[in-house]
Amino acid sequence: MIDALPDMKGQSRRHVLRAASLLSAGAALPFYNEFAMAQDAAERPRGMRGAMPPDAVRIGSNENPLGPCADACEAIMKIAKYGGRYSPFNEQGDFIKAVSDVEGVKPEFIAAYAGSSDPLHRSVLAFTSPTKGFVMSDPGYESGAGSAKFVGVKVTRVPLQKGTYAHDVKAMVAADPNAGVYYICNPNNPTGTITKREDIEWLLANKNKDSIVLLDEAYIHFSDEMPGSDLVAKEKDVVVLRTFSKAFGMAGIRAGMAMGRPDLLAKLRPYGAGMLPITGLVAGTASYKSKGLVAERKAINAKVRGDVLEFLEKKNIKYIPSVSNKFMMETGKPGGELTRALAAEKVFIGRTWPVWPTMVRVSIGTQAEMDKFKIALSKVMA
Ligand code: PLP
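Read left to right, the sequence shown gives residues 182 to 563 (the working numbering).
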């Protein structure tokens, strides 16, 4: 199995063995759980771990309550009976073609995955080592730090900029000039804030030449920001991650992708098995081809978000302005206390981040769900 590992230069024996243990365990299994979900579950009262009550308001994991679009559901129904075959009608090829057409990126610069957690972990394994660290924002989406830690790679956390809550790209390079991966989540999770294109370009121009920028665009479709596909087409040292778990409402269906130069994508390949669920692929293809879908979902999310943030404003509750499907709000006490109090009202919000222990992350649900959130919040804060 160790033979299957890509370029191991500069990687210690321990690192190699850890990575090899992953391969023999089957892909990136030890990392696959969404950290946030695990912590959200832990913060729920004992009797409520596991299945949620049917009338629960689930606004803790940045899911999309609208679910997959009608075209995606129809595609899943149609392909289901052919599920005895790994690839009945070239589902992966169709998926890559649909993405290529929309993103303006050549097919060989696109690799399909069952979500974006998988290529995220692979990128950490492929581009970091004991001598080439992982740099991320604080607060940030911690999944990549989990895999880095697992293989003994140094993780450097750099505070978001004051006021804008953008990644501080200059401080990220200064903090570890020799890193292997600079991870930018845009819009960021948990803050829902943007790092401007000029900062991402600065990072690409000023990082060490053996590193990559891992640009995680899980939430890009909720924002007006320019996506990173053109950076991929221009063959920069960038791997862009996308998921169908957010705007496209397919978290449980599983589809995602990595976009990057073929030589970068080739480095991700050995860290897991190749076959993908055809249901996720056809639903992803149908979603990408569904005209107006992204604009419609972005508008719905923005409207519901605007309403709930206005409510917080009226209540004098501090929050971070977000362009995504979640926001951070101040609770004035350890955030877990509010999380538990709301859970008792069957409203399940997200978690705190160690750097901001009094803030909690709340995802945007439907208008009806956010109305229940507002009522429960007023009650528990009274
Ligand atoms: N990246 C970010 C920033 C996320 O928030 C998530 C999930 O919440 C993921 C990646 C992984 O999503 P998935 O594996 O469902 O595609």
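Quick reminder that beta carbons are idealized off the backbone N, C-alpha and C, glycines included.
Inset, instruction - Excluding the 5 residues preceding and the 5 following P538 in the sequence, name in chain order all residues of the same chain whose CB lies nearer than 8 Å to its CB. - result: By 1-based counting over the sequence shown, the position of residue 538 is 357. So the qualifying residues of the chain are P515 and G516.
Legend entry - Neighbourhood of C250 by C-beta distance below 8 Å, restricted to the same chain and skipping five residues each side: Taking the first residue of the sequence shown as 1, we reach residue 250 at position 69. Correct list, in chain order: F429, G430, A467, S468, S471 and L474.
Inset, instruction - Flag G516 as yes when its Cβ comes closer than 7 Å to any non-hydrogen atom of the ligand PLP, and as no otherwise. - result: As a first step, residue 516 is located in the sequence shown; it is residue number 335 there, counting from the start. G516: no, Cβ never under 7 Å from the ligand PLP.
Inset, instruction - Tell me whether L445 is buried or exposed, calling it buried when 16 or more other Cβ atoms sit within 10 Å of its Cβ. - result: Along the sequence shown, one-based indexing puts residue 445 at 264. Looking at its Cβ environment, which holds 16 or more other Cβ atoms inside 10 Å, L445 is buried.
Legend entry - Check whether Y438 and A292 have beta carbons under 8 Å apart: Locating residue 438 in the sequence shown gives position 257, counting from the first residue. Locating residue 292 in the sequence shown gives position 111, counting from the first residue. The question names Tyr, but residue 438 in the sequence shown is Met. Cβ atoms of M438 and A292: closer than 8 Å.
Inset, instruction - Tell me whether D405 is buried or exposed, calling it buried when 16 or more other Cβ atoms sit within 10 Å of its Cβ. - result: Taking the sequence shown and counting its residues from 1, one reaches residue 405 at position 224. D405 comes out exposed.
Inset, instruction - Could you check the C-alpha separation between N214 and G285 for me, to the nearest Å? - result: In the sequence shown, residue 214 corresponds to position 33, counting from 1. In the sequence shown, residue 285 corresponds to position 104, counting from 1. Summary for N214: the model assigns pLDDT 39, below 50, so the residue's position carries little reliability; its value from the coordinates is reported in the next sentence. Rounded to the nearest angstrom, the two C-alpha atoms are 32 Å apart.
Legend entry - Contact test: T424 Cβ vs the ligand PLP heavy atom, cutoff 7 Å: Here the question's residue 424 lines up with position 243 in the sequence shown. Within the chosen limit of 7 Å, the ligand PLP reaches the beta carbon of T424 through at least one heavy atom.
Legend entry - Pairwise C-alpha distance: G327 and A307: Locating residue 307 in the sequence shown gives position 126, where the first residue counts as 1. Locating residue 327 in the sequence shown gives position 146, where the first residue counts as 1. Using only the alpha carbons, I get a separation of about 14 Å.
Legend entry - D236 beta carbon near the ligand PLP (any heavy atom closer than 7 Å): One-based indexing of the sequence shown puts residue 236 at position 55. Flag unset: Cβ of D236 not near the ligand PLP.
Legend entry - Exposure of K390, with buried meaning 16 or more beta-carbon neighbours within 10 Å: Stepping through the sequence shown from its first residue, residue 390 is reached at position 209. K390 is exposed by the Cβ-count criterion.
Inset, instruction - Pick out whichever of V339, P368 and N367 has its Cα sitting closest to the Cα of A355. - result: Here residue 355 is taken as the residue at index 174 of the sequence shown, counted from 1. Out of V339, P368 and N367, V339 has the C-alpha closest to the C-alpha of A355.
Inset, instruction - May I ask you to check if the CB of L341 is nearer than 7 Å to at least one heavy atom of the ligand PLP? - result: As a first step, residue 341 is located in the sequence shown; it is residue number 160 there, counting from the start. False, no ligand heavy atom lies under 7 Å from that Cβ.
Legend entry - Alpha-carbon spacing of F554 relative to G333, whole angstroms: Here residue 554 corresponds to residue number 373 of the sequence shown, with the count starting at 1. Here residue 333 corresponds to residue number 152 of the sequence shown, with the count starting at 1. Each residue's alpha carbon lies about 41 Å from the other.
Legend entry - Residue from D275, T512, E398 and V543 whose Cα sits closest to the Cα of K499: Position 318 of the sequence shown, counting from 1, holds the residue named residue 499. Looking only at D275, T512, E398 and V543, the smallest Cα-Cα distance to K499 is reached by T512.
Legend entry - Residue span of the alpha helix (DSSP H) that contains K484, given as start and end: Position 303 of the sequence shown, counted from the start, is the residue given in the question as residue 484. Its alpha helix (DSSP H) spans residues L474 to K495.
Legend entry - Under 8 Å between C-beta atoms of V362 and S304: In the sequence shown, the residue the question calls residue 362 occupies position 181. In the sequence shown, the residue the question calls residue 304 occupies position 123. Yes. Within cutoff.
Inset, instruction - Provide the residue span of the beta strand (DSSP E) that contains D319, from first to last. - result: Here the question's residue 319 lines up with position 138 in the sequence shown. Unbroken beta strand (DSSP E) run through D319: F315 to D319.
Inset, instruction - State the DSSP-derived secondary structure class of T337, mapped to helix, strand or coil. - result: Along the sequence shown, read from residue 1 onward, the residue named residue 337 stands at position 156. Strand, per DSSP.
Inset, instruction - Please state whether DSSP places S324 in a helix, a strand or coil. - result: Translated into positions along the sequence shown, residue 324 becomes position 143. Note: S324 maps to helix in three-state DSSP.
Inset, instruction - Go ahead and pull the three-state DSSP assignment for R378. - result: Translated into positions along the sequence shown, residue 378 becomes position 197. DSSP places R378 in helix when its eight states are reduced to three.
Inset, instruction - Measure the C-alpha to C-alpha separation of L384 and V421 and round it to an integer number of angstroms. - result: Position 203 of the sequence shown holds residue 384. Position 240 of the sequence shown holds residue 421. Straight through space, the alpha carbons of V421 and L384 are spaced by roughly 14 Å.
Legend entry - Alpha-carbon to alpha-carbon, E244 and E550: Position 369 of the sequence shown, counting from 1, holds the residue named residue 550. Position 63 of the sequence shown, counting from 1, holds the residue named residue 244. In a straight line, the C-alpha of E550 is about 13 Å away from that of E244.
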